[in-house]
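The structure under discussion appears below in the form of structure tokens.
Residue numbers (my numbering): 1 to 163.
This is the structure in structure tokens:
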């Protein structure tokens, strides 16, 4: 296996397993740490985790595919999250998401997160960004945007292009 975890991270994870009665119990913490370091969980990372914790790779893969916070592909440099919860949906979240997808060349009909081939943008619907009275709400990386319209989406993208 060509997948390598930096020795410092591996040491942290080894120490972490001592806090659990069973190695398996550290699975989620391993995945969080690996995703934080690598940006996503590759199949090689799943296999490495399974090997370290004495599990079958399918046991780790089940976790990665069950929990929505784990990514199986790298994210774009600009992560565009459009709230799709009821109040944002009623305020036009789908139109806003479609505008972002159209402007960066992504499929308007595909479900789940999508990343542009150049790795610049990832666009996805997310659940509640906790500003129901100001929808549609969008987060781009850590920047929060309220009352987003198609025009405002274009301005947001123009700001991303400058970075």
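Positions of the beta carbon are idealized from the N, C-alpha and C atoms, including for glycine.
As the structure is a computational prediction, the values presented were derived from the model and not from experiment.
Residues of its chain near residue i, where Cβ-Cβ distance is below 7 Å and the 5 sequence neighbours each way are ignored
{"i": "residue 125", "result": "82, 84, 97"}
{"i": "residue 29", "result": "16"}
Buried versus exposed call for residue i [16 or more other C-beta atoms within 10 Å across all chains shown]
{"i": "residue 133", "result": "exposed"}
{"i": "residue 88", "result": "buried"}
{"i": "residue 113", "result": "buried"}
{"i": "residue 46", "result": "buried"}
{"i": "residue 41", "result": "buried"}
Beta bridge counterpart(s) of residue i as assigned by DSSP
{"i": "residue 94", "result": "Answer is none; residue 94 lacks a bridge partner."}
{"i": "residue 80", "result": "123, 140"}
Spatial distance of residue i from residue j (CA atoms)
{"i": "residue 92", "j": "residue 33", "result": "36 Å"}
{"i": "residue 140", "j": "residue 80", "result": "5 Å"}
{"i": "residue 62", "j": "residue 74", "result": "19 Å"}
{"i": "residue 54", "j": "residue 111", "result": "34 Å"}
{"i": "residue 120", "j": "residue 157", "result": "11 Å"}
Beta-carbon contacts of residue i that lie in its chain and below 6 Å, excluding the five residues immediately before and after
{"i": "residue 148", "result": "96, 136, 138"}
{"i": "residue 122", "result": "75, 76, 79, 113, 115"}
At what residue ranges does the stretch 104 to 161 contain a whole run of the alpha helix (DSSP H), taking only runs of 4 or more? Correct list: 150 to 161.
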